[in-house]
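Colleague:
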Amino acid sequence: MNELRQGNTTLDEEIELLKMQVKELTIINNLASKLGQTLEFDVFLEELVSATIDTVKCERALVLVSNEQDTVLEFGACNFRSQNTESQNSLENFRLNTFHPEVNSIAELWLAGSPAQFNTASDIPHPSFGWITEVMEITSYISSPMMLYGQLTGVVIVGNSTDQNAFSESQQKWLDLVANSAATPLQNARLHHKTVEELADSMREMYILRQIDRELNDTIDLNHVFEITLDWALRFTNAHSTSLALYDQDTNNLHFLMEYGYDLPQEQIQMLRQEYGNGLTARVANSGYAEVVPDISTDADYVRLANNTRSQMAVPVMREDRVVAVITLESKKLNGFTDTHLDFVQKLATRAGVAIDNARLYEESIRERGKLSHILNNTADVVMVIGHDDRIILINQSALSALRLYANQDYSKQHVAEVLERTSLLKTYQRAKAAGENITEEVVMPNERIFHANFRRFETIGWIVVMHDITPFKEMDRLKGELIATVSHDLKQPLSVMNGYIELMIMQQSDTSQGLNSVQMIRRAMQNMRQLIDDLLDLAKIESGIKLDLQAVAVQAIIQECVDQVRPAAQNKSMTIINNVADDLAKVSGDRSRLRQILINLISNAVKYTAPEGWVKIDSEVRGNTVRITVQDNGMGISPEDQIHVFERFYRVRRPETDSIEGTGLGLAIVKSLVEAHGGQIGLESKMGEGTTFFLVLPTNEEVE
């Protein structure tokens, strides 16, 4: 019986022990589940304090949380508040270096994952711990570290007031269980808090950058761009002073444009920089890389411009791999600039670089626009720019005068029909736009002036109209024509009288043979003079606007007539004229007499400028709606220098072999004018010593119809 009783007692104790373990596990499981449901960091710490008090059965509880960036413990939460405001503020700002030499005894326990218990003030190894117990108003406390994967994440400290007994082993055990259960939820809450803070910081930064973009895009004033840049740099970094310096890379010169927050007068700051240099700003300008100085006492180049500066940061403003400016910031805090600050100011510098470029480009465009406006308003030519929407973009003063518009009125953005109303210029513009082609023609403006107008289309602009006043030239041309006509008419009458008497002398044969020879020479000279006068009159008539009697003309018949006419001259030089023009050649639209004048000139020239026993060949072909006629010879040829002038008036090729050939130098000029009057083209191909080919292109009768 005694053994059974003893056995029963042992069994009862084991049952009670199991019940106690189940109870402990249930409490700890419920605690871990409750703590695990909370991800809000501050709420979790308050829950942990409350759960610690309930589980350990104590009066005071304090949670210290490790800082991931530094080896320190910081205040987390507590369930009490000191009557001393200063002590309470100090508690909330508490930071304890776990590797401080004077706290190694307790820190080593925590870092090793072991609890620490102190029952009297004399046991406290460091004033920091005594201060904690003073604030908690206790004389004894126990603590337990929260460990995760061998790393200290925090510490739970509990205490009782002075009238309470010391903590029992059971309470230390429950505290250890609470700390172990809270380690993982604490880390989860910390990670959640960190993620939320990073997201909030990111959203805040995005909002700020969007605000900066809006502000920078709303201005094109360079000084305002700098003001916005420095204002946001100060706001985000909490720096107490800042400057922005423009940098000229070619001269390695810094120009401090704006500065805020410096204690010294501007003149003294300039003197200090001149004497001691530009420090960090100059280094960053030369390197092109941002730089942070956590402690300015370690920077040999630092120039003190503001009191109490402890740290400094400088960021370059880049454009196309060139430093154009440097933003410098100073803080009164040691290590006052974080990676987040640096990243933000670099983004700000990028935006400032674009804004600076835009502002500079705008200022340059304003200057260039001013230059262009000055040039256009002082040019005698009429200049207008018309957009694709038929509205005036630009119109200069000469245009206002020519169109008889008000000089002080702004005609930009007005419809072209309103501005050019009742002028021939409007019809010309409408015709050019309908055809989609450039047009050049003469127009008469409301002020009775005649202009040479050029309408040119530009894809990205619209139409640019440039007109040159040719009224003086027209008047000179009219006077020239009248002069030529008058002089020629007056010359023809005495020439006729002189020619009559010479003919009479030849008929009477009253002179000697030598005298008759002289008379013949005078006769030829007079005939040449008469031909020159006829050519001058003809050219004046053509250039004044000849009216052609256009008909369907069989050009092969005209060519044959011309060949028959010059054949005697060719036979005198033992030359051959080959006419390869087909009998069924398409008819051309032309004036028969003028076409004959063109062809006789070309064929006779070929005979004149070809050596004896040479040949002249005439060919033709139909090309689309045109007829191409060529007059080719194997004569002396025309040099490239002479080819560009042969169609000019009074121009003759001057070479020894051409001195004996008579001519006025007007024949080809007349030919070119007549061909162009027919809507055709004329040109030549020639090589020295191999001959010359003149080609004539005329529209067929079908094209004209």
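Everything in the sequence shown is counted per our numbering, starting at 1127 for the first residue and increasing by one. Note that CB positions come from ideal geometry on N, CA and C, so glycine has one too. Treat the numbers as computed from the prediction; the structure is a model and nothing was measured.
1) Roughly how many angstroms lie between the CA atoms of P1227 and K1299, to the nearest whole one?
2) Among the residues of its own chain, which have a CB less than 6 angstroms from the CB of Y1428, if the five just before and after it don't count?
3) What are the boundary residues of the alpha helix (DSSP H) that K1734 is part of?
4) The alpha helix (DSSP H) spanning E1401 covers which residue range?
5) Sorted by chain position, which residues of the same chain lie with C-beta nearer than 7 angstroms to G1817's C-beta, five sequence neighbours on each side aside?
6) Sort V1450, N1364 and V1753 by Cα distance to T1377 and report the nearest one.
7) With 16 as the cutoff for other CB atoms within 10 Å, does K1798 come out buried or exposed?
8) Which one or two residues does DSSP pair with S1192 in a beta bridge?
9) State yes or no: is the C-beta of L1531 nearer than 8 angstroms to some heavy atom of the ligand MG?
10) Please confirm whether A1308 and A1177 have their CB atoms less than 9 angstroms apart.
11) For my contact list, V1692 and I1729 are in at a C-beta cut-off of 8 angstroms; report their separation, rounded to the angstrom.
12) From what residue to what residue does the beta strand (DSSP E) around G1513 run?
13) Is it buried or exposed for I1684, if we count other Cβ within 10 angstroms and need 16 for buried?
14) Return helix, strand or coil for V1429, following the three-state DSSP convention.
15) Residues bridged to G1496 by DSSP?
16) Starting from I1590, trace the beta strand (DSSP E) in both directions and tell me its first and last residue.
17) Using 8 angstroms as the cut-off, can you tell me whether the stretch 1452 to 1459 makes contact with the stretch 1352 to 1372, which would need three or more C-beta pairs spanning the two stretches below that distance?
18) Out of M1510, L1356, I1482 and E1401, state which residue places its alpha-carbon closest to the alpha-carbon of A1440.
19) Expressed to the nearest angstrom, what Euclidean distance is found between the alpha-carbon atoms of A1305 and E1172?
20) Rounding to the nearest angstrom, what Cα-Cα distance links I1770 and G1815 in this structure?
21) If we ignore side chains and look at the alpha-carbon of each, how far apart do A1506 and E1629 end up?
22) In chain order, which alpha helix (DSSP H) runs of at least 4 residues are fully inside the stretch 1496 to 1575?
23) Touching or not, the stretch 1508 to 1517 and the stretch 1587 to 1595, by the rule of three or more beta carbon pairs under 8 angstroms?
24) Below 8 angstroms, how does it come out for the stretch 1579 to 1586 and the stretch 1556 to 1565: are there three or more Cβ pairs, yes or no?
25) Find out if the Cβ-Cβ distance for the pair K1699, T1736 is shorter than 9 angstroms.
26) Let me know if I1141 comes out buried or exposed under the rule of 16 or more other beta-carbons within 10 Å of its beta-carbon.
27) Give the range of the alpha helix (DSSP H) segment to which F1167 is assigned.
28) Alpha carbon to alpha carbon, what distance is there between L1237 and A1411?
29) Buried or exposed, going by whether 16 or more other CB atoms sit within 10 Å of the CB of P1694?
30) Within 10 Å of its beta-carbon, does N1434 have 16 or more other beta-carbons around it, so buried, or fewer, so exposed?
31) Identify the residues that DSSP records as bridge partners of D1759: which are they?
32) Look at the alpha carbon of S1715 and the alpha carbon of G1809, and state the distance between them as a whole number of angstroms.
33) Whose CA, out of V1679, S1719, A1732 and R1722, lies closest to the CA of I1704?
34) Just list the residues that DSSP pairs V1692 with in beta bridges.
35) I'd like to check one pair, P1442 with Y1373: are the Cβ atoms closer than 9 angstroms?
36) Pull up the distance between the alpha-carbon of V1351 and that of V1480, whole angstroms please.
Modeller: Taking the definition as stated:
1) Residue mapping note: residue 1227 aligns to position 101 of the sequence shown, counting from 1. Residue mapping note: residue 1299 aligns to position 173 of the sequence shown, counting from 1. With a pLDDT of 48 at P1227, under the threshold of 50, the modelled position of that residue is not reliable, and the figure given next carries that caveat. Rounded to whole angstroms, P1227 to K1299 spans 29 angstroms at the Cα level.
2) Mapped onto the sequence shown, residue 1428 falls at position 302. So the list reads G1405 and I1422, once near-sequence residues are dropped.
3) Sequence index remark: in the sequence shown, residue 1734 carries index 608 (1-based). Taken as a continuous stretch (DSSP letters only), the alpha helix (DSSP H) holding K1734 covers R1718 to K1734.
4) Walking along the sequence shown from the start, residue 1401 turns up at place 275. Counting along the chain, the alpha helix (DSSP H) containing E1401 begins and ends at Q1392 to Y1402.
5) The sequence position of residue 1817 within the sequence shown is 691, counting from 1. Excluding sequence neighbours, G1817 sits near Q1758, D1759, N1760, G1761 and G1763.
6) Position 251 of the sequence shown holds residue 1377. Checking every option, the nearest Cα to that of T1377 belongs to V1450.
7) As a first step, residue 1798 is located in the sequence shown; it is residue number 672 there, counting from the start. The residue is buried, with at least 16 neighbouring Cβ atoms inside 10 Å.
8) Stepping through the sequence shown from its first residue, residue 1192 is reached at position 66. L1199, per the DSSP bridge assignment.
9) Because no ligand of any kind appears in the structure shown, any question about the ligand MG cannot be addressed here.
10) Working through the sequence shown from its first residue, we reach residue 1308 at position 182. Working through the sequence shown from its first residue, we reach residue 1177 at position 51. In contact: A1308 and A1177 (Cβ atoms closer than 9 angstroms).
11) One-based indexing of the sequence shown puts residue 1692 at position 566. One-based indexing of the sequence shown puts residue 1729 at position 603. Contact flag correct, Cβ pair sits at about 5 angstroms.
12) For this step, residue 1513 is matched to residue 387 along the sequence shown. Residues V1508 to G1513.
13) Reading the sequence shown from its first residue, position 558 is the one you call residue 1684. It is buried - the Cβ of I1684 has at least 16 other Cβ atoms within 10 Å.
14) In the sequence shown, residue 1429 corresponds to position 303, counting from 1. It is coil, neither helix nor strand.
15) Within the sequence shown, residue 1496 is the residue found at index 370, counting from 1. In DSSP, G1496 forms no bridge with anything.
16) Residue numbering aside, residue 1590 sits at position 464 when the sequence shown is read from its first letter. Unbroken beta strand (DSSP E) run through I1590: G1588 to D1595.
17) yes
18) In the sequence shown, residue 1440 corresponds to position 314, counting from 1. The residue with the shortest Cα to Cα distance from A1440 is L1356.
19) Position 179 of the sequence shown holds residue 1305. Position 46 of the sequence shown holds residue 1172. Roughly 14 angstroms separates the two Cα atoms.
20) Working through the sequence shown from its first residue, we reach residue 1770 at position 644. Working through the sequence shown from its first residue, we reach residue 1815 at position 689. So the two alpha carbons sit approximately 18 angstroms from each other.
21) Sequence index remark: in the sequence shown, residue 1506 carries index 380 (1-based). Sequence index remark: in the sequence shown, residue 1629 carries index 503 (1-based). In a straight line, the C-alpha of A1506 is about 58 angstroms away from that of E1629.
22) 1523 to 1528, 1542 to 1545 and 1550 to 1561
23) yes
24) yes
25) For the purposes of this step, residue 1699 is taken as the residue at position 573 of the sequence shown. For the purposes of this step, residue 1736 is taken as the residue at position 610 of the sequence shown. Taking 9 angstroms as the Cβ cut-off, K1699 and T1736 qualify as a contacting pair.
26) Position 15 of the sequence shown, counted from the start, is the residue given in the question as residue 1141. Label assigned to I1141: exposed.
27) On the sequence shown, residue 1167 is found 41 positions in, with the first residue counted as 1. That run of the alpha helix (DSSP H) goes F1167 to V1182.
28) As a working mapping, residue 1411 is identified with position 285 in the sequence shown. As a working mapping, residue 1237 is identified with position 111 in the sequence shown. Each residue's Cα considered, the two are about 46 angstroms apart.
29) Position 568 of the sequence shown, counting from 1, holds the residue named residue 1694. Under this definition P1694 is an exposed residue.
30) For the purposes of this step, residue 1434 is taken as the residue at position 308 of the sequence shown. Per the 10 Å Cβ criterion, exposed.
31) Taking the sequence shown and counting its residues from 1, the one referred to as residue 1759 is at position 633. Bridge partners of D1759: V1742 and T1818.
32) Numbered from 1 along the sequence shown, position 589 holds the residue referred to as residue 1715. Numbered from 1 along the sequence shown, position 683 holds the residue referred to as residue 1809. Each residue's Cα considered, the two are about 19 angstroms apart.
33) Your numbering for residue 1704 matches position 578 in the sequence shown. Ranking V1679, S1719, A1732 and R1722 by Cα distance to I1704 puts A1732 first.
34) In the sequence shown, the residue the question calls residue 1692 occupies position 566. Per DSSP, none; premise fails for V1692.
35) Your numbering for residue 1373 matches position 247 in the sequence shown. Your numbering for residue 1442 matches position 316 in the sequence shown. Yes. Within cutoff.
36) For the purposes of this step, residue 1351 is taken as residue 225 along the sequence shown, with counting starting at 1. For the purposes of this step, residue 1480 is taken as residue 354 along the sequence shown, with counting starting at 1. Between V1351 and V1480, the C-alpha separation is close to 10 angstroms.
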